[in-house]
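One structure below.
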Amino acid sequence: MNYWLMKSEPDVYGIDDLKAAGVDHWDGVRNYQARNMMRDRMKPGDLAFFYHSNCKEPAIVGIMEIVREGYPDPTAFDPEAKYYDPKSDPDNPRWYMVDVKYVRHLERPIPLAELKQYEELADLPLVRRGNRLSIMPVTKAQWDFILGLEGKEGS
DNA sequence: GCCAACGTTGGC
DNA sequence: GCCAACGTTGGC
0 MNYWLMKSEP
10 DVYGIDDLKA
20 AGVDHWDGVR
30 NYQARNMMRD
40 RMKPGDLAFF
50 YHSNCKEPAI
60 VGIMEIVREG
70 YPDPTAFDPE
80 AKYYDPKSDP
90 DNPRWYMVDV
100 KYVRHLERPI
110 PLAELKQYEE
120 LADLPLVRRG
130 NRLSIMPVTK
140 AQWDFILGLE
150 GKEGS
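Residue numbers (numbering that gives the first Met the number 0): 0 to 154.
Take a look at the structure:
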């Protein structure tokens, strides 16, 4: 199984929204690298960190499970949708999404500023300068290390 | 709100 | 196919 980290702006869709929904579509991704990962690599049973971006304190805030592998994102076909893409054709869809299920909040949010302090996470794209990937793979070692931070005091 | 870094677009 | 211009992301 694989591990992931997925970003969302809490003002748009935060972990509490996913908790309320239970299961939801991770739609609106319009980046090819992220698309490829959802379409080709994510499988039901994979786990992902829910990350809050573009907010006061960017942080990993929870865990979710992939429950449906990549399939075409219908919001790309909808002229009324915010992320409508006229170049995505239902017969040859350009954009994909997965379904995710809320698992739990972390015991405490683990802020980006803290994640940046650890040598163990130096290769995680999230902490690298200028990184803009909204979906990224996390190694098992990184996953376990981050979970190990949960019970510690933040710094 | 600023702005650096990045991905995409489109002219050539 | 190059690359400048542009729009977006996202931390600060």
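Each residue gets a CB set at the ideal place from its N, CA and C atoms; glycine is no exception.
*Going by Cα to Cα distance, which pick from Gly61, Tyr117, Trp25 and Pro9 is closest to Tyr70?*
Within the first sequence, numbered from 1, the residue matching residue 70 stands at position 71. Nearest of Gly61, Tyr117, Trp25 and Pro9 to Tyr70, Cα basis: Trp25.
*To the nearest angstrom, report how far apart Asp77 and Asp90 are at their CA atoms.*
The sequence position of residue 77 within the first sequence is 78, counting from 1. The sequence position of residue 90 within the first sequence is 91, counting from 1. Rounded to whole angstroms, the gap between the alpha carbons of Asp77 and Asp90 is 14 Å.
*Taking DSSP as the reference, what is the three-state secondary structure of Glu64?*
Along the first sequence, read from residue 1 onward, the residue named residue 64 stands at position 65. Looking at Glu64 - three-state DSSP - the assignment turns out to be strand.
*Looking only at C-alpha atoms, which of Ala47, Met41 and Tyr2 sits nearest to Val102?*
Within the first sequence, residue 102 is the residue found at index 103, counting from 1. Ranking the options by Cα distance to Val102, first place goes to Ala47.
_Beta-carbon proximity of Ile65 to Pro85, cut-off 7 Å_ = Here residue 65 refers to the residue found at position 66 when the first sequence is read from its first residue. Here residue 85 refers to the residue found at position 86 when the first sequence is read from its first residue. Taking 7 Å as the Cβ cut-off, Ile65 and Pro85 do not qualify as a contacting pair.
*With a cut-off of 8 Å, do at least 3 Cβ pairs link the segment 135-142 to the segment 100-117?*
In short, these stretches do not touch, since the Cβ pair count stays below three.
*Which of helix, strand or coil does DSSP assign to Trp3?*
Position 4 of the first sequence, counted from the first residue, corresponds to residue 3. If DSSP states are grouped into helix, strand and coil, Trp3 belongs with the strands.
_Which residue marks the beginning of the alpha helix (DSSP H) containing Leu111, and which one marks its end?_
As a working mapping, residue 111 is identified with position 112 in the first sequence. Segment Leu111 to Leu114, the alpha helix (DSSP H) holding Leu111.
*On the three-pair Cβ rule with 8 Å, is the segment 130-139 touching the segment 26-34?*
Yes, the segment 130-139 is in contact with the segment 26-34.
*Val55 to Glu8, Cα distance in whole Å?*
As a first step, residue 55 is located in the first sequence; it is residue number 56 there, counting from the start. As a first step, residue 8 is located in the first sequence; it is residue number 9 there, counting from the start. One detail in the question is off: residue 55 reads as Lys in this sequence, not Val. Cα-Cα distance, rounded: 11 Å.
*What does Val99 pair with, by DSSP beta-bridge criteria?*
Taking the first sequence and counting its residues from 1, the one referred to as residue 99 is at position 100. Secondary-structure assignment with DSSP links Val99 through a beta bridge to Asp23 and Ile65.
_I'd like the list of long-range same chain contacts for Glu68, defined as Cβ closer than 7 Å, with 5 residues on each side in sequence excluded._
Residue mapping note: residue 68 aligns to position 69 of the first sequence, counting from 1. A distance below 7 Å between beta-carbons, with the five flanking residues on each side excluded, links Glu68 to the following residues of its chain, in chain order: Met41, Lys42, Pro43 and Val97.
*If you draw a straight line from the alpha carbon of Arg128 to that of Ile14, how long is it in whole angstroms?*
The residue you call residue 128 lines up with position 129 of the first sequence. The residue you call residue 14 lines up with position 15 of the first sequence. Computed Cα separation, rounded: 25 Å.
*At 4 residues or longer, and completely inside the segment 25-57: list those alpha helix (DSSP H) runs for me, N to C.*
For the segment 25-57, whole alpha helix (DSSP H) runs of length 4 or above, ordered along the chain, are 31-35.
*asked:* Along the chain, where does the alpha helix (DSSP H) containing Asp88 start, and where does it finish?
replied: Your numbering for residue 88 matches position 89 in the first sequence. That residue, Asp88, is in no alpha helix (DSSP H); it is neither H nor E in DSSP.
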